[in-house]
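S.K.:
Residue numbers (full-length UniProt numbering): 1 to 180.
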């Protein structure tokens, strides 16, 4: 059933691509790339270190790196070929989507940090923004022909598992820090 849905969505997307949407989704796709994620993580880690919020740094790195490694291993295990007729030349296997994995691990943990750092009304904005970005990155990967729907959904799941483990870890670190 899902394979049929993958194929139907792929056909619909390829028949309805436009230059305008391709340029927009290309930007969101870049936001899920390892280049963007690494640069943004470095900047955020520096800010956390300056503000002495060290409790978030190791879990943040571990969540993004661990989820990405798990997605890569999944690609090797399932060895699913990418959809034909991609807007960009993509290398490697398709399942699960590394962009979707990294998007959830990175952006959702940012939302978690915003809540834990008591940013007030900014927390809600950051939370809403991160959900929107995660959805746009995933749908962009489908739109650009880099992935099937199931690749993106599996990537979201891998990132979400990493996120949950990271949140549990961070909460334990915060509790331990509070007992000092």
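No residue lacks a Cβ here, since even glycine has one placed at the ideal position from N, Cα and C.
Predicted model, so just to flag it, every value in this text is computed and none were measured.
Are the segment 37-48 and the segment 148-156 in contact at 8 Å, needing three or more beta carbon pairs?
M.R.: Counting Cβ pairs under 8 Å, fewer than three are found: no touch.
S.K.: Can you grab the Cα-Cα spacing for the pair residue 103 / residue 82, in whole Å?
M.R.: Here the question's residue 103 lines up with position 103 in the chain shown. Here the question's residue 82 lines up with position 82 in the chain shown. Each residue's Cα considered, the two are about 19 Å apart.
S.K.: Hey, residue 117 and residue 53: beta-carbon distance below 8 Å or not?
M.R.: For this step, residue 117 is matched to residue 117 along the chain shown. For this step, residue 53 is matched to residue 53 along the chain shown. In contact: residue 117 and residue 53 (Cβ atoms closer than 8 Å).
S.K.: Would you tell me roughly how many angstroms separate the C-alpha atoms of residue 99 and residue 73, rounded to the nearest one?
M.R.: Translated into the one-based positions of the chain shown, residue 99 becomes position 99. Translated into the one-based positions of the chain shown, residue 73 becomes position 73. Rounded to whole angstroms, residue 99 to residue 73 spans 14 Å at the Cα level.
S.K.: Compute the Euclidean distance between the alpha carbons of residue 71 and residue 87, then round it to the nearest angstrom.
M.R.: Along the chain shown, one-based indexing puts residue 71 at 71. Along the chain shown, one-based indexing puts residue 87 at 87. The alpha-carbon atoms of residue 71 and residue 87 are separated by roughly 22 Å.
S.K.: Enumerated in chain order, which unbroken segments of the alpha helix (DSSP H) with a length of 4 residues or greater are wholly contained in the segment 30-58?
M.R.: Fully enclosed alpha helix (DSSP H) runs of 4 or longer: 34-50.
S.K.: Where are the beta strand (DSSP E) runs, 3 residues long or more, that stay fully inside the segment 88-139, in chain order?
M.R.: Correct list: empty.
S.K.: Tell whether a beta-carbon distance below 8 Å holds between residue 134 and residue 107.
M.R.: Stepping through the chain shown from its first residue, residue 134 is reached at position 134. Stepping through the chain shown from its first residue, residue 107 is reached at position 107. Going by C-beta atoms, residue 134 is nearer than 8 Å to residue 107.
S.K.: Around the Cβ of residue 64, are there at least 16 other Cβ atoms within 10 angstroms (buried) or fewer (exposed)?
M.R.: Residue 64 sits at position 64 when you count from the first residue of the chain shown. Per the 10 Å Cβ criterion, buried.
S.K.: What separation, rounded to the nearest whole angstrom, lies between the Cα atoms of residue 22 and residue 6?
M.R.: Taking the chain shown and counting its residues from 1, one reaches residue 22 at position 22. Taking the chain shown and counting its residues from 1, one reaches residue 6 at position 6. Residue 22 and residue 6: Cα-Cα distance of roughly 19 Å.
S.K.: My output table needs one value for residue 79: the three-state DSSP class, helix, strand or coil.
M.R.: Along the chain shown, one-based indexing puts residue 79 at 79. Three-state DSSP puts residue 79 in coil, outside helix and strand.
S.K.: Following the continuous alpha helix (DSSP H) through residue 163, name the residue where it begins and the one where it ends.
M.R.: Along the chain shown, one-based indexing puts residue 163 at 163. Here the alpha helix (DSSP H) through residue 163 covers 149-178.
S.K.: Using the rule of at least 16 other Cβ atoms within 10 Å of the residue's Cβ for burial, across every protein chain shown, is residue 34 buried or exposed?
M.R.: The sequence position of residue 34 within the chain shown is 34, counting from 1. Under this definition residue 34 is an exposed residue.
S.K.: Whose CA, out of 97, 13 and 120, lies closest to the CA of residue 187?
M.R.: Lying outside 1 to 180, the shown extent of the chain, residue 187 is not represented and no answer is given.
S.K.: Taking its Cβ as the centre, do 16 or more other Cβ atoms sit within 10 Å of residue 109, making it buried, or is it exposed?
M.R.: Mapped onto the chain shown, residue 109 falls at position 109. When all chains shown are included, residue 109 counts as buried.
S.K.: Round the Cβ separation of residue 114 and residue 123 to the nearest angstrom and send it over; I've been treating them as touching at under 8 Å.
M.R.: What you label residue 114 is simply residue 114 of the chain shown in a count that begins at 1. What you label residue 123 is simply residue 123 of the chain shown in a count that begins at 1. About 4 Å; that satisfies the 8 Å criterion.
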